[in-house]
Amino acid sequence: MRSLILLITLFLSLTITAQEAGFEKGTLAFETGNKAYLEEDYDAAIKAYQEVLAEGLHSKEVYLNLGNAYYKNGKTASSILYYEKGLLHFKNDVDLLTNLQFAENQRIDRIEPLPDSIKKRIYKFLVGLMNTEGWAVTSLIFTLLFAIAKIVKPRLGKIASPSLIVASMAFLTLIFIQNTERSEHYAIVFEPVVTVLSDPKIDAPVVFELHEGTKVRPIEIFEEFQKIEIANGQSGWIVTSSIRFIQE
288 MRSLILLITL
298 FLSLTITAQE
308 AGFEKGTLAF
318 ETGNKAYLEE
328 DYDAAIKAYQ
338 EVLAEGLHSK
348 EVYLNLGNAY
358 YKNGKTASSI
368 LYYEKGLLHF
378 KNDVDLLTNL
388 QFAENQRIDR
398 IEPLPDSIKK
408 RIYKFLVGLM
418 NTEGWAVTSL
428 IFTLLFAIAK
438 IVKPRLGKIA
448 SPSLIVASMA
458 FLTLIFIQNT
468 ERSEHYAIVF
478 EPVVTVLSDP
488 KIDAPVVFEL
498 HEGTKVRPIE
508 IFEEFQKIEI
518 ANGQSGWIVT
528 SSIRFIQE
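Just remember that this note's numbering sits 287 ahead of the position in the sequence shown, which is counted from 1.
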């Protein structure tokens, strides 16, 4: 038992040390990236910010600065990709949304989106209230309140049922949000021009064309082809290597 405890302690200490080392390395890379960005050395800035992400460190500033560096470097598709990646972690962030819209204005494709479905409108409303972490914390807090109320029943009994109801609603909301996010994967076109085909084969008829920076929703895969849908509901097949996924 003593040996097991020592091994667990050693493992935990090594894990903490590794995390601290990663944080220090990431912080240094972030500072290096900022310095390079101010000096307009955007290639060096991009490399440094990518190192921060490689250390598993995610912050709004890293995604924002990385997207900005790509944009300054003339790589619009990459800038859009990293603004979108940032919004996966920091939903509804004003700076990321503003810069994303600015970058999207440089795209060739102008696609009129379909109206949001009821499910999508509910999702946007709920995420607008709180992110997934917020809903998880809310569920946990009211679950604890329910447990405390049951233990100290004489004084807190009246809040037990409302706490359980709120906790259940928050938990169900969290499940709904997570399921919606898992079903809604997107990608960005990275080729200057991509032909969208009617079938997953090279000699299939061309349905329409897309250009660099356009956002698509992958819905099916067949060999080296990916069936995608764009915001106006049109769909077709493209070569998978011509896009990069926002959520990998």
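We put the CB at the ideal spot given by N, CA and C, even for glycine. Small disclaimer: the values here were computed from a predicted structure and weren't measured.
Through-space distance from residue j to residue i, alpha-carbon basis
i	j	result
residue 358	residue 510	32 Å
residue 330	residue 381	26 Å
residue 325	residue 341	22 Å
residue 297	residue 311	Residue placement at residue 297 cannot be trusted, given a pLDDT of 38 that sits under 50; what the coordinates show is reported in the next sentence. Between residue 297 and residue 311, the C-alpha separation is close to 21 Å.
residue 473	residue 535	10 Å
residue 323	residue 317	10 Å
residue 499	residue 361	12 Å
residue 390	residue 505	22 Å
residue 346	residue 365	18 Å
residue 508	residue 393	29 Å
residue 315	residue 379	28 Å
residue 495	residue 402	21 Å
residue 488	residue 427	50 Å
residue 348	residue 491	44 Å
residue 343	residue 400	34 Å
residue 485	residue 385	35 Å
Proximity below 8 Å, CB of residue i to CB of residue j
i	j	result
residue 516	residue 526	no
residue 536	residue 367	In the structure as shown, the chain begins at 288 and stops at 535. Residue 536 is therefore absent and cannot be evaluated.
residue 328	residue 501	no
residue 383	residue 375	no
residue 339	residue 320	yes
Residue of the options minimising C-alpha distance to residue i
i	options	result
residue 483	475, 340, 513	513
residue 363	478, 496, 473, 336	478
residue 532	371, 385, 493	371
residue 524	493, 498, 518, 499	493
residue 398	361, 318, 508, 522	522
residue 356	336, 346, 495	336
residue 369	489, 350, 316	350
residue 481	490, 315, 529, 339	529
Where residue i falls: helix, strand or coil (DSSP)
i	result
residue 313	helix
residue 498	strand
residue 510	coil
residue 295	Interpretation of residue 295 is limited by its pLDDT of 36, a score under 50 that renders its predicted location unreliable; no figure is taken from the coordinates.
residue 391	helix
residue 516	strand
residue 523	strand
residue 474	strand
residue 484	strand
residue 530	strand
residue 535	coil
Any non-hydrogen atom of the ligand FAD closer than 7 Å to residue i Cβ
i	result
residue 363	By its list of ligands, the structure shown contains no ligand whatsoever, and the ligand FAD lies outside what it can speak to.
Environment of residue i [buried if 16+ CB atoms lie within 10 Å]
i	result
residue 352	buried
residue 294	For residue 294, the pLDDT reaches just 38, beneath the cut-off of 50, and the residue's location in the model is therefore unreliable, although a value from the coordinates is still provided. Counting Cβ neighbours within 10 Å, residue 294 comes out exposed, since fewer than 16 surround it.
residue 405	exposed
residue 313	buried
residue 519	exposed
residue 377	buried
residue 387	buried
residue 497	buried
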